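Residue numbers (our numbering): 4 to 100.
Okay, here's the thing in structure tokens:
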């Protein structure tokens, strides 16, 4: 038996609370990842709407993205400053288009 194999066998088992925290962290990571994906999809829709002439659709897409970003702040995914920055940049793009 090699030294590496022996160390794997002697490795201490994790405590149940540690295992629970790891499981909770993984679940939170997946939830946050899915939420960020939703925001990116909405953002792509907004950027696509900038290329079109429909002003109503542009503003609707912007409000959808802003709403999702604000929800991300409430869930702790984004900081308030990042959310403000994102919304300011998107509204500037809307004004320029």
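Positions of the beta carbon are idealized from the N, C-alpha and C atoms, including for glycine. Just so you know, these numbers come straight off a predicted model, no measurement behind them.
Could you say which of the options lies nearest to residue i if we only look at CA atoms?
i: residue 75; options: 31, 23, 22 and 35; result: 35
i: residue 99; options: 53, 84 and 40; result: 53
i: residue 42; options: 59, 71, 58 and 63; result: 71
i: residue 32; options: 78, 90, 84 and 88; result: 78
When the distance is taken between beta carbons, is residue j closer than 7 Å to residue i?
i: residue 68; j: residue 46; result: yes
i: residue 64; j: residue 48; result: yes
Measure how close the beta-carbons of residue i and residue j come, nearest whole angstrom, since I'm counting them as under 8 Å.
i: residue 61; j: residue 97; result: 6 Å
Once the 5 residues before and after residue i are set aside, which same chain residues still bring their CB inside 8 Å of it?
i: residue 55; result: 61
i: residue 80; result: 35, 38 and 39
Keeping to the same chain, check which residues put their C-beta closer than 6 Å to that of residue i; ignore five residues upstream and five downstream.
i: residue 89; result: 72
i: residue 15; result: none
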